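In mature numbering (1 follows the signal peptide of the UniProt record, and there is no 0), the protein residues as written are -19 to -1, 1 to 152.
Virtual Cβ for every residue (Gly too), placed ideally from N, Cα, C.
Note that the coordinates shown come from a computational prediction; the quantities given were computed from them, not determined experimentally.
To start, the structure itself, in structure tokens.
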Ligand code: HEC
Ligand code: HEC
């Protein structure tokens, strides 16, 4: 009887492990839209990495054609920011800001806005927050970044934003 109960436990444990394992590795994320964007971003980054192979660690301005913000940063780090920070923070893929036939082009409005937003974030951190009297004596001052406002939205603060309502905020 005892053996029977134990083996039943064993079988249940194995069955639940089997049930868990595939669902952990293959389950889509809570937001299917993000999954398709992630695949699209990864595809573009892979293609660019193949095109710049051997030059990943060189300063971005030596590898790419139109670098103004990220001068001095390794080329691969710029791709990391594009894929893992800006795109995710805004809930978009590369084509939101880029002409996919000419990555260096800044013809798209969002490319210009992103450049302006970098300057804005710098000003808020280095001038506005740095001058806050309540933090004057503190070593650690607050800092903001794109995700402080965007949180997965291209249009933060719009009640009916680009994303369907009800989705969780993303970084
Ligand atoms: C929010 C807008 C935005 C998104 C989204 C974005 N980029 Fe960018 N990207 C920029 C801006 C702005 C620059 C210019 C950076 C600079 O001046 O240093 C840039 C520069 C680049 C460059 C250098 C081009 C050159 O020749 O000068 C590449 C390559 C690039 N991005 C790839 C990507 C890829 C791949 C994705 C998607 C994974 C992506 N970007 C998503 C705004 C964006
Ligand atoms: C202080 C809040 C704040 C911060 C920080 C911020 N943004 Fe924005 N951003 C906004 C607002 C507000 C809009 C206008 C949204 C709208 O059009 O409804 C906007 C719009 C944009 C757009 C245009 C989106 C579109 O589809 O029209 C881009 C691109 C963008 N931001 C990129 C960035 C990037 C990159 C950073 C970090 C370097 C950043 N933002 C930081 C508040 C912020």
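Could you tell me which residues DSSP puts in a beta bridge with residue 137?
Bridge pairing for residue 137: absent [DSSP].
Give the range of the alpha helix (DSSP H) segment to which residue 43 is assigned.
From DSSP, the alpha helix (DSSP H) with residue 43 extends over 41 to 44.
May I ask whether a heavy atom of ligand 4 can be found less than 7 Å away from the beta carbon of residue 68?
No copy of ligand 4 appears in this structure; the ligands present are ligand 1 and ligand 2.
Roughly how many angstroms lie between the CA atoms of residue 109 and residue 99, to the nearest whole one?
Their Cα atoms are separated by approximately 15 Å.
Counting only the same chain and skipping the five closest in sequence on each side, list residues whose C-beta sits under 6 Å from that of residue 71.
In its chain, beyond the 5 residues on either side, 131, 135 have a beta carbon closer than 6 Å to the beta carbon of residue 71.
With a threshold of 8 Å, are at least 3 pairs of Cβ atoms found where one atom belongs to the region 37 to 44 and the other to the region 85 to 101?
In short, these stretches do not touch, since the Cβ pair count stays below three.
The alpha helix (DSSP H) with residue 22 in it runs from where to where?
DSSP places residue 22 inside the alpha helix (DSSP H), whose first and last residues are 13 to 32.
Terminal residues of the alpha helix (DSSP H) in which residue 93 lies:
90 to 104 is the extent of the alpha helix (DSSP H) around residue 93.
Go ahead and label residue 38 buried or exposed: buried means 16 or more other beta carbons lie within 10 angstroms of its beta carbon, across all protein chains shown.
So residue 38 counts as exposed.
Would you check whether ligand 1 has a heavy atom nearer than 7 Å to the C-beta of residue 47?
Because some heavy atom of ligand 1 lies under 7 Å away, the Cβ of residue 47 counts as near it: yes.
So which of 139, 115, 101, 120 has the shortest CA-CA distance to residue 50?
Distance check between residue 50 and each of 139, 115, 101, 120 places 101 closest, using alpha-carbon atoms only.
Residue 28 burial status per 10 Å Cβ neighbour count (16 or more: buried):
Residue 28 sits exposed, since fewer than 16 C-beta atoms from the chains shown fall within 10 Å of its C-beta.
For residue 130, the first and last residue of its enclosing alpha helix (DSSP H):
First-last of the alpha helix (DSSP H) with residue 130: 127 to 130.
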